[in-house]
Amino acid sequence: MTSWRCTVIRRPRDRSASVRDGSAMAPMVFRAMANRALAVLGRGVLPVDTPIARADDAGLTRGDGMFETIHVRYGTPWQLDEHLARMEGSARILGIDLPPAAALAELVDQVLTDAHDDEEVAVKVVCTRGPEGADEPTVFATMFDVSPAQRAGRRDGIAVVSVTLGVSADVRAGAPWLLGGAKTLSYAVNMAALRHAAAAGADDALLVSSEGSVLEAPTATVVWAAGGALCTVPVDTGILAGTTVNYLLDRAGELGLSADRRRIQLDDLYAADEAWLCSSVRGAARIVQLDGKPIGEKGLTPGVQELLGFPSK
Numbered sequence: 437m438t439s440w441r442c443t444v445i446r447r448p449r450d451r452s453a454s455v456r457d458g459s460a461m462a463p464m465v466f467r468a469m470a471n472r473a474l475a476v477l478g479r480g481v482l483p484v485d486t487p488i489a490r491a492d493d494a495g496l497t498r499g500d501g502m503f504e505t506i507h508v509r510y511g512t513p514w515q516l517d518e519h520l521a522r523m524e525g526s527a528r529i530l531g532i533d534l535p536p537a538a539a540l541a542e543l544v545d546q547v548l549t550d551a552h553d554d555e556e557v558a559v560k561v562v563c564t565r566g567p568e569g570a571d572e573p574t575v576f577a578t579m580f581d582v583s584p585a586q587r588a589g590r591r592d593g594i595a596v597v598s599v600t601l602g603v604s605a606d607v608r609a610g611a612p613w614l615l616g617g618a619k620t621l622s623y624a625v626n627m628a629a630l631r632h633a634a635a636a637g638a639d640d641a642l643l644v645s646s647e648g649s650v651l652e653a654p655t656a657t658v659v660w661a662a663g664g665a666l667c668t669v670p671v672d673t674g675i676l677a678g679t680t681v682n683y684l685l686d687r688a689g690e691l692g693l694s695a696d697r698r699r700i701q702l703d704d705l706y707a708a709d710e711a712w713l714c715s716s717v718r719g720a721a722r723i724v725q726l727d728g729k730p731i732g733e734k735g736l737t738p739g740v741q742e743l744l745g746f747p748s749k
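Heads up: the sequence shown begins at 437 in our numbering, then just goes up one per residue.
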């Protein structure tokens, strides 16, 4: 069995329930200087421009691997356990030997060594299948600033265009080789969808099945409010289970709403009381327009953002 070791530089962190649960604390700030850091499993913190992978690494040549992106608030990674559990699920689907969660958590602590507790940053943990013929994966973590575009989306809302995935909503359920539910490194299609949206003058894209059933965004989960319920698409469609959305729906009662996971046709989403794209770094960005059509606004967004504990500015 592989023995995983990680040289860790620790600093004290407040892992109090208030931070883990997303409650509001002192406002985070955004500094002009970019936050960047790199840590590699077994090698420690390295200069960010250090080469860390071989040219034949399957993550580079085939997109064969998985990743998680984690929001960091007040120096503490939010929902770290949930992200690492989802990463373990992706590893099972891909058949990759992922290091234990404890080693990955230590790696996250390490890459955050120089982060300021009053800043909003993010950490990406990456695990590839490794070089050709190797029996160990390549594992590393990076720290980076939350982009201005993501912060603007929380504040101002976003315009979204629908794009077809070209397959049925049920196709991945019977085809495990399509890797439904795994957060893989193979994001070329996702990035192409975002470029298409940008070319159309939109901020994001919404993937729709061949039957017109709403699926997910390239890097986010769709959530909508309708009939007194906070809803999202069920994972039996092969979409990625959203950690932020799970947190939100588990606490929908605090907003005076019930929670539901159900399929929705694109035409019905146009008529939602309110809708958002949610992800671990952006939080909740209200969909202002979908395919040029205005989406309802019932005043739920401030409560959603407060519940998630993301900065609104």
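Think of the CB as a built atom: it goes at the ideal place given N, C-alpha and C, for glycine as much as any other residue.
Would Ala595 and Gln725 be called neighbours here (beta carbons separated by less than 7 Å)? yes
Between Ser694 and Gly728, how many whole angstroms is the CB-CB distance? I'm expecting something under 8 Å. That pair is no contact at about 31 Å.
My guess is that Val547 and Ala577 are in contact by the Cβ rule of under 8 Å, so how many angstroms apart are they, rounded? 4 Å
Give the single residue among Pro747, Val644, Ile731 and Lys619 whose Cα lies nearest to the Cα of Thr417. No answer is possible for residue 417: the residues shown for the chain start at 437 and end at 749.
Could you name the residues of the same chain whose beta carbon sits closer than 6 Å to that of Thr737, not counting the 5 residues immediately before and after it, in chain order? Arg722
Cutoff 7 Å; reference Glu690; Cβ partners in own chain excluding five residues on either side: Leu743
At a cut of 8 Å, does the segment 530–545 reach the segment 580–592 through at least three beta carbon pairs? no
Which partner residues does Asp640 have in the DSSP bridge list? Val596
Counting only the same chain and skipping the five closest in sequence on each side, list residues whose C-beta sits under 6 Å from that of Gly739. Leu691
Taking the alpha-carbon positions, what's the Pro463 to Trp514 distance? Below a pLDDT of 50, predicted positions are generally treated as unreliable, and Pro463, at 48, falls in that range; no measurement from the model is reported.
Nearest residue (CA-CA) to Gly397, options Leu615, Ser715, Leu684 and Cys667: Here the chain has residues from 437 to 749 only, and residue 397 is not among them.
Comparing alpha-carbon positions, which option in Gly732, Gly495, Arg528 and Arg718 lies nearest Thr505? Arg718
Applying the criterion that 16 or more other CB atoms from any shown protein chain within 10 Å of the CB defines a buried residue, is Gly678 buried or exposed? buried
Which residues does DSSP list as the beta-bridge partners of Thr620? Met502
When burial is assigned at 16 or more other CB atoms within 10 Å of the CB, is Trp712 buried or exposed? buried
Going straight from the alpha carbon of Val562 to that of Arg498, what length do you get? 14 Å
Candidates Pro654, Leu621 and Val669: which alpha carbon is nearest Ala661's? Val669
Can you tell me which residues form a DSSP beta bridge with Val758? This structure leaves residue 758 out entirely; the chain is present only between 437 and 749.
Excluding the five sequence neighbours on either side, which residues of its own chain have a C-beta within less than 8 Å of the C-beta of Asn682, listed in chain order? Glu518
For a test of your reading of the model: does the CB of Val717 fall under 6 Å from any non-hydrogen atom of the ligand ADP? Yes or no. Ligands displayed in this structure: none; no statement on the ligand ADP is therefore possible.
Grab me the residues of Ala629's own chain with a C-beta within less than 6 Å of its C-beta, minus the 5 sequence neighbours each way, in chain order. Val599, Ala641 and Pro654
Is Ala468 buried or exposed, if buried means 16 or more other CB atoms sit within 10 Å of its CB? Here Ala468 scores only 38 on pLDDT, less than 50, and its place in the model should not be relied on; the value that follows carries that caveat. That one is exposed.
Whose C-alpha, out of Phe503, Val650 and Ile700, is nearest the C-alpha of Ser622? Phe503
Put Ser645 into one of helix, strand or coil per three-state DSSP. coil
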